[in-house]
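Throughout, the working numbering is defined as the position within the sequence shown, counted from one, plus 15.
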Amino acid sequence: MSLKHRVLPDVRRACLRALLQSSRGVRIIEAHNGLSALVASTSYLPSENGNRLEFDGLWISSLTSSASKGLPDIELGSLERRLETIEEIVHVTHKPVIVDGDTGGEAVNFEYFCSKLEQIGVSAVVIEDKQYPKRNSLCWKASHTLEDPKVFAAKIQRGRSVLLSNDFMIFARLESLIVNQGVEDALARARIYLLAGVDGIMIHSKERTIDQVHAFLNGYKYLCAELGFRKPIICVPTTYNVVTDEDLFRWGADIVIHANHLLRAAHHAMQQVCETILKNNRSLEADELCTPVSHLFELVGFADVVARDQSPAEILSDVFNADLTTADCTPCQPSVKAAV
């Protein structure tokens with residue numbers, strides 16, 4: 016793993032709440048392994064005001080996590096295997112991480128999952144209000160069954176009951192639009208989950224237009240005003256991607272997640288490379304489709320390892336040639352490294 020982007024779990028866990036309190040929209044991109052997490056964490060563009068335009072955090076999708084292992088998105092992976100992927104990602108990024116928790120499984124399983132995610136420094140988990148085992152929501156042919164909202168609310172409360180900090184967040188993903196139950200059903204479920212203590216809401220849709228999501232965002236404003244409090248809301252514009260992130264933020268979204276694009280891009284590129292090599296009977300023509308090996312060395316920290324490599328004799332020489340007479344002998348003070 017790269018040593019450049021590490022941060023202590025407590026620091027990273029708190030980052031998402033801090034971003035949400037900054038009164039600006041939070042933009043998240045999917046990662047499915049350590050390499051994709053490094054790419055997502057380090058990609059940026061210069062902006063007109065002189066700041067860097069970059070993603071604020073990472074989303075660990077159940078679709079891309081399972082697909083990267085050659086598995087269907089049906090809650091097939093074990094808890095241990097999912098945690099291996101999550102830990103692989105959090106160990107290479109300083110940015111907040113949100114985890115797709117599928118349905119959360121049985122309530123007791125969800126308790127253990129939340130406890131472990133909090134411990135390793137994940138900022139939030141999102142669980143969807145469908146019955147276990149779920150089918151991926153973007154599949155039009157799949158059968159989807161919603162969970163009883165009171166049962167789902169109780170699962171949320173079970174997850175919250177085991178937390179040891181105020182930083183870790185649980186979001187309820189509303190699947191009403193996925194099963195064609197409409198905006199009113201989604202708002203009714205949101206009310207129940209908000210009163211149950213959920214930290215935020217995700218509204219999900221597989222429609223190509225923004226109409227239903229826009230209607231929900233408008234209804235959510237009135238719902239929160241009626242309840243007397245507001246919790247953040249997530250949008251995932253995978254299918255209705257004609258809308259911009261800024262439009263969604265303006266309409267009331269707090270977080271926008273681009274939920275599966277890095278894996279889809281990787282698959283497309285790998286397929287192109289395979290076909291190019293087969294077509295040309297060599298790899299020369301595929302070079303322009305591939306990242307140079309030297310860039311990979313830099314990204315994953317191998318170049319840093321080589322730069323720091325010294326023989327034992329060189330290390331001893333550095334130590335004994337140091338000017339010890341000017342050394343600062345004052346007692347060492349503990350230092351705190353702040354996350355940016």
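Yeah, the Cβ is synthetic: ideal placement off N, Cα and C, and Gly gets one too. This structure is a prediction, so every number in the text was calculated from the model and none was measured.
query = Taking all protein chains shown into account, do 16 or more other C-beta atoms lie within 10 angstroms of the C-beta of Arg204, making it buried, or fewer, making it exposed?
reply = Counted from its first residue, the sequence shown places residue 204 at position 189. Label assigned to Arg204: buried.
key: Proximal residues to Asn195 (C-beta, below 6 Å), its chain only, five neighbours per side dropped   = On the sequence shown, position 180 is the one that residue 195 refers to. Same-chain partners within the cutoff: there are none.
key: Alpha-carbon to alpha-carbon, Ile142 and Ala82   = Here residue 82 is taken as the residue at index 67 of the sequence shown, counted from 1. Here residue 142 is taken as the residue at index 127 of the sequence shown, counted from 1. Looking at the two C-alpha atoms, the distance is approximately 19 Å.
query = So the beta strand (DSSP E) Pro164 belongs to, where does it begin and stop?
reply = Residue numbering aside, residue 164 sits at position 149 when the sequence shown is read from its first letter. Unbroken run through Pro164 is the alpha helix (DSSP H), Pro164 to Ser176; no beta strand (DSSP E).
task = Identify whether Arg32 lies in helix, strand or coil by the three-state DSSP scheme.
result = Locating residue 32 in the sequence shown gives position 17, where the first residue counts as 1. Residue state, collapsed to three classes: helix.
inquiry  = Taking the alpha-carbon of His159 as reference, which of Glu121, Pro148, Leu34 and Gly72 has the nearest alpha-carbon?
reply    = Here residue 159 refers to the residue found at position 144 when the sequence shown is read from its first residue. When only C-alpha atoms are compared, the closest one is Pro148.
ask   = Cα-Cα, which of Cys250, His282 and Ile207 is closest to His47?
value = Mapped onto the sequence shown, residue 47 falls at position 32. Nearest option by C-alpha distance: His282.
key: Selection from Lys110, Val107 and Leu78 that minimises the alpha carbon distance to Arg97   = For this step, residue 97 is matched to residue 82 along the sequence shown. Checking every option, the nearest Cα to that of Arg97 belongs to Leu78.
request  = Determine, using beta carbons only, whether Asp115 and Ser76 come nearer to each other than 8 Å.
outcome  = Mapped onto the sequence shown, residue 115 falls at position 100. Mapped onto the sequence shown, residue 76 falls at position 61. Yes, Cβ-Cβ distance for Asp115 and Ser76 is below 8 Å.
task = Name the two residues that bound the continuous alpha helix (DSSP H) containing Glu90.
result = Reading the sequence shown from its first residue, position 75 is the one you call residue 90. Run containing Glu90: none; DSSP gives neither H nor E here.
key: Closest Cα partner of Asn275 within the set Phe264, Ile292, Gln286 and Asn256   = Position 260 of the sequence shown, counted from the start, is the residue given in the question as residue 275. The option with the nearest alpha carbon to Asn275 is Asn256.
request  = Just mark Asp302 as buried or exposed, buried being the case when its beta carbon has 16 or more other beta carbons within 10 Å.
outcome  = What you label residue 302 is simply residue 287 of the sequence shown in a count that begins at 1. Asp302 comes out exposed.
query = In terms of DSSP beta bridges, what is His273 paired with?
reply = As a working mapping, residue 273 is identified with position 258 in the sequence shown. Its beta-bridge partners are Ile44.
inquiry  = When you compare the CB positions of Ile185 and Ile218, do they come within less than 8 Å of one another, or not?
reply    = To locate residue 185, count along the sequence shown from 1; it is residue 170. To locate residue 218, count along the sequence shown from 1; it is residue 203. Cβ distance not < 8 Å, so Ile185 and Ile218 don't count as in contact.
key: Nearest-angstrom Cα separation, counted from Gly234 out to Arg265   = Taking the sequence shown and counting its residues from 1, the one referred to as residue 265 is at position 250. Taking the sequence shown and counting its residues from 1, the one referred to as residue 234 is at position 219. So the two alpha carbons sit approximately 15 Å from each other.
request  = State the CB to CB distance for the pair Asp7 and Ile113, rounded to an integer number of angstroms; the pair is presumed to be in contact (CB under 8 Å).
outcome  = Lying before the first or after the last residue shown, residue 7 is absent from the chain, which here runs from 16 to 355.
task = Between the Cα of Val228 and those of Ala211, Thr57 and Ala201, spot the shortest distance and give me the residue it belongs to.
result = Here the question's residue 228 lines up with position 213 in the sequence shown. That would be Ala201, whose Cα lies nearest to the Cα of Val228.
request  = Classify Glu45 as buried or exposed, calling it buried when 16 or more other Cβ atoms lie within 10 Å of its own Cβ.
outcome  = The residue you call residue 45 lines up with position 30 of the sequence shown. The residue is buried, with at least 16 neighbouring Cβ atoms inside 10 Å.
query = What residues are listed by DSSP as bridge partners for Phe244?
reply = The residue you call residue 244 lines up with position 229 of the sequence shown. Its beta-bridge partners do not exist; DSSP assigns none.
inquiry  = What residue range does the beta strand (DSSP E) around Asp379 cover?
reply    = Residue 379 lies beyond the stretch modelled for the chain, which goes from 16 to 355, so this question has no answer here.
request  = Consult DSSP for Pro61 and reduce its assignment to one of helix, strand or coil.
outcome  = On the sequence shown, position 46 is the one that residue 61 refers to. Here Pro61 sits in strand by DSSP.
ask   = Is Ile193 helix, strand or coil when you go by DSSP?
value = In the sequence shown, the residue the question calls residue 193 occupies position 178. In this structure, Ile193 counts as coil in the three-state DSSP scheme.
ask   = Do Val198 and Phe231 come within 8 Å of each other at the CB atom, strictly closer than that value?
value = Stepping through the sequence shown from its first residue, residue 231 is reached at position 216. Stepping through the sequence shown from its first residue, residue 198 is reached at position 183. Yes, the Cβ-Cβ distance between Phe231 and Val198 is below 8 Å.
ask   = Does DSSP put Leu161 in a helix, a strand or coil?
value = In the sequence shown, the residue the question calls residue 161 occupies position 146. DSSP places Leu161 in strand when its eight states are reduced to three.
request  = Whole angstroms is fine: what's the gap from Glu126's alpha carbon to Leu31's?
outcome  = Sequence index remark: in the sequence shown, residue 126 carries index 111 (1-based). Sequence index remark: in the sequence shown, residue 31 carries index 16 (1-based). Roughly 21 Å between the two C-alpha positions.
key: Identity of the residue in Ser56, Val140 and Glu69 nearest Thr108 by Cα   = One-based indexing of the sequence shown puts residue 108 at position 93. Of the listed residues, the one whose Cα sits closest to Thr108 is Ser56.
message = Cutting at 6 Å between CB atoms, please list the residues of its own chain near Ile225, excluding the five before and the five after it.
response = In the sequence shown, the residue the question calls residue 225 occupies position 210. Cβ within range, chain order: Tyr255 and Val258.
ask   = For the putative contact between Val288 and Lys246, defined by C-beta atoms under 8 Å, what is the C-beta separation to the nearest angstrom?
value = Taking the sequence shown and counting its residues from 1, the one referred to as residue 288 is at position 273. Taking the sequence shown and counting its residues from 1, the one referred to as residue 246 is at position 231. About 44 Å; that fails the 8 Å criterion.
query = With burial defined as no fewer than 16 other Cβ atoms inside 10 Å of the residue's Cβ, what is the status of Glu241: buried or exposed?
reply = What you label residue 241 is simply residue 226 of the sequence shown in a count that begins at 1. Exposed, since its Cβ has fewer than 16 Cβ neighbours within 10 Å.
request  = Let me know the secondary structure DSSP gives Arg27 once reduced to three states.
outcome  = On the sequence shown, position 12 is the one that residue 27 refers to. Arg27: helix per DSSP, three-state reduction.
message = For a test of the three-state rule: what should DSSP assign to Leu153, helix, strand or coil?
response = One-based indexing of the sequence shown puts residue 153 at position 138. Reduced to three states, the DSSP call for Leu153 is coil.
key: Terminal residues of the beta strand (DSSP E) in which Leu18 lies   = Position 3 of the sequence shown, counting from 1, holds the residue named residue 18. No beta strand (DSSP E) contains Leu18, which DSSP labels as neither H nor E.
ask   = Which value, in whole angstroms, describes the spacing of the CA atoms of Asn64 and Glu300?
value = Within the sequence shown, residue 64 is the residue found at index 49, counting from 1. Within the sequence shown, residue 300 is the residue found at index 285, counting from 1. Cα to Cα, the separation comes out at about 40 Å.
task = Confirm, please, whether the CB-CB distance from Leu53 to Val315 is below 8 Å.
result = The residue given as residue 315 occupies position 300 in the sequence shown. The residue given as residue 53 occupies position 38 in the sequence shown. Yes, they are a contact pair.
query = Mind checking Lys170: buried by the 16 CB within 10 Å criterion, or exposed?
reply = The residue labelled residue 170 in the question sits at position 155 within the sequence shown. Buried, by the Cβ-count rule.
Boundaries of the alpha helix (DSSP H) in which Glu323 is found, first to last residue = Counting from one through the sequence shown, the residue named residue 323 turns up at place 308. It should be pointed out that residue 323 corresponds to Arg in this sequence rather than to Glu. Phe317 to Arg323 is the extent of the alpha helix (DSSP H) around Arg323.
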